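Structure record follows, encoded as structure tokens.
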Amino acid sequence: MDIHKFEVFLDLAETMNFTKTADRQFTTQGNISKQILSLETELDVKLFERAHRKIELTEAGSLLLPYVKNVVEQYHAMQEVLETYTKDNNLSLNILTIPTMINYKGFSKITDFLKRHPEFTVQLKEVESVELTYNDANEHSDTIHFARSFQAPPSSIEWLPTETDDFVAVLPKNHPLASKKKLDLSELKKENFLLLGPTTNLYQPALDLCRKAGFEPKISYKGARIDLIINMIANDMGIAIVMEKTVKNLLKENTVILSISPTKESYLAFTRKIGEHSLASDTFWEYLRQEEN
-6 MDIHKFEVFL DLAETMNFTK TADRQFTTQG NISKQILSLE TELDVKLFER
44 AHRKIELTEA GSLLLPYVKN VVEQYHAMQE VLETYTKDNN LSLNILTIPT
94 MINYKGFSKI TDFLKRHPEF TVQLKEVESV ELTYNDANEH SDTIHFARSF
144 QAPPSSIEWL PTETDDFVAV LPKNHPLASK KKLDLSELKK ENFLLLGPTT
194 NLYQPALDLC RKAGFEPKIS YKGARIDLII NMIANDMGIA IVMEKTVKNL
244 LKENTVILSI SPTKESYLAF TRKIGEHSLA SDTFWEYLRQ EEN
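Per the working numbering, residue -6 is the first one in the sequence shown, and the count goes up by one each step.
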């Protein structure tokens, strides 16, 4: 039994509105309907009456409601107990990562580590690059970061780089410069630039490259969604300077990727504070060291 279906049932029983429940569950109205229908099929009973855009619990739905509440509450209580257990026994690994991690080797290293060490669990949280600092005094020293950097960290931080990545240009395929193998960045000085914003830690380096090439870029978009930028380029709304490995799997048929000069190299690395660490953190760090050699 999928506990999430029970959670959707409880939410819908509270709102009596598919749209509101969809918003609260961060999904679509159609998906909520599918979840409820699937649950009704599994239980072999109708839970809601649907008529004239209004819904209400059936007699069976009302009968099951307190039991479902109890199941969900017990499930979450169980999760809390397990989380406390794994933390108390140093079996939980906390990792903060940039949103584009899936495009890099760091992601496969985490999945491979878990296959080799099923006794550990990973708490993976996605944050923007500017949030990946160790300035928060409350942050536990065991927290590992997977981040992009353009230089080595301070001496209080140890790091294990996994690979490098470079800035490239992405252009519409019908652009006059699209057939070139490599671009002098100054050739793009009259273009509309679509850039990842300051929160991504790539905005200022991109600006610096343009200034190094002798011009101030005309920026028509600053945001955090690389997929949106690629779609905008595909619709002839501008060009972008982005990290190559970030966009390789996102390119559209009517977009091209070109090397640029000047460019700038970045490092993708796991980092953590120097000091005492949990068994999970040290085991993962040793695994990374062995993989590096």
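Idealized CB from N, CA, C, for every residue including glycine.
Values in this document were obtained by computation on a predicted structure and should not be read as measured data.
* Asked: Assuming Ile91 contacts Val163 under a Cβ cut-off of 8 Å, what Cβ separation, rounded to an integer in Å, is found between them?
  -> For this step, residue 91 is matched to residue 98 along the sequence shown. For this step, residue 163 is matched to residue 170 along the sequence shown. Not confirmed; about 19 Å, so no contact.
* Label His138 either buried or exposed according to how many other C-beta atoms from any shown protein chain fall within 10 Å of its C-beta, with 16 as the threshold for buried. => In the sequence shown, the residue the question calls residue 138 occupies position 145. Result: buried.
* Taking 8 Å as the cut-off, does the CB of Gly23 come closer than this to any heavy atom belonging to the ligand ZN? -> Because no ligand of any kind appears in the structure shown, any question about the ligand ZN cannot be addressed here.
* Asked: When the distance is taken between beta carbons, is Ser149 closer than 9 Å to Lys266?
  -> As a first step, residue 266 must be located in the sequence shown, where it is residue number 273. As a first step, residue 149 must be located in the sequence shown, where it is residue number 156. In this structure, Ser149 lies closer than 9 Å to Lys266 by Cβ.
* What is the DSSP secondary structure of Lys266, counted as helix, strand or coil? -> In the sequence shown, the residue the question calls residue 266 occupies position 273. Three-state DSSP puts Lys266 in a strand.
* Asked: Taking only beta-carbon atoms, is Val120 less than 9 Å away from chain C?
  -> Structure shown: chain C not included; a single protein chain is present.
* To do: Could you check which residue in Phe11, Ile234, Thr155, Gly190 has the C-alpha nearest to that of Ser179?
  => Locating residue 179 in the sequence shown gives position 186, where the first residue counts as 1. Minimum Cα distance to Ser179 is reached at Ile234.
* Near Glu121, what residues of its chain come up, given a Cβ to Cβ distance below 8 Å and the 5 sequence neighbours on each side ignored? -> On the sequence shown, position 128 is the one that residue 121 refers to. Within the same chain, Glu121 has close Cβ partners Ile91, Pro92, Thr192, Thr193, Asn194, Ala217.
* Are the CB atoms of Val64 and Thr51 nearer to each other than 9 Å? -> Along the sequence shown, read from residue 1 onward, the residue named residue 64 stands at position 71. Along the sequence shown, read from residue 1 onward, the residue named residue 51 stands at position 58. Taking 9 Å as the Cβ cut-off, Val64 and Thr51 do not qualify as a contacting pair.
* At least three beta-carbon pairs within less than 8 Å, the segment 220 to 231 to the segment 199 to 206 -> no
* The alpha helix (DSSP H) enclosing Asp37, as first and last residue numbers -> Here residue 37 refers to the residue found at position 44 of the sequence shown. Looking at the DSSP string, Asp37 is not in any alpha helix (DSSP H), and its letter there is neither H nor E.
* Whole-angstrom Cβ separation of Ile212 and Leu189, contact assumed at under 8 Å? -> Taking the sequence shown and counting its residues from 1, one reaches residue 212 at position 219. Taking the sequence shown and counting its residues from 1, one reaches residue 189 at position 196. Wrong, their Cβ atoms sit about 11 Å apart, outside the cutoff.
* For His168, which residues of its own chain have a beta-carbon under 8 Å away from its beta-carbon, when the five flanking residues on both sides are left out? -> Locating residue 168 in the sequence shown gives position 175, where the first residue counts as 1. These residues qualify, in order along the chain: Ile232, Val249.
* Asked: Roughly how far, in whole angstroms, is the beta-carbon of Phe106 from the beta-carbon of Phe277, given that I think they are within contact range, below 8 Å?
  -> Locating residue 106 in the sequence shown gives position 113, counting from the first residue. Locating residue 277 in the sequence shown gives position 284, counting from the first residue. That belief holds up - the Cβ atoms of Phe106 and Phe277 are roughly 6 Å apart, short of 8 Å.
* **Residue of Asp275, Lys175, Pro165 minimising C-alpha distance to Glu184** => For the purposes of this step, residue 184 is taken as residue 191 along the sequence shown, with counting starting at 1. For the residues Asp275, Lys175, Pro165, the minimum Cα distance to Glu184 belongs to Pro165.
* For Met94, collect the residues of the same chain with a Cβ closer than 6 Å to its Cβ; drop the 5 residues on either side in sequence, then sort them by chain order. => In the sequence shown, counting from the first residue as 1, residue 94 sits at position 101. The answer, listed in chain order, is Phe100, Phe139.
* Asked: Distance, Cα to Cα, Arg141 vs Tyr260?
  -> As a position in the sequence shown, residue 141 is number 148, starting the count at 1. As a position in the sequence shown, residue 260 is number 267, starting the count at 1. Whole-angstrom Cα-Cα distance: 6 Å.
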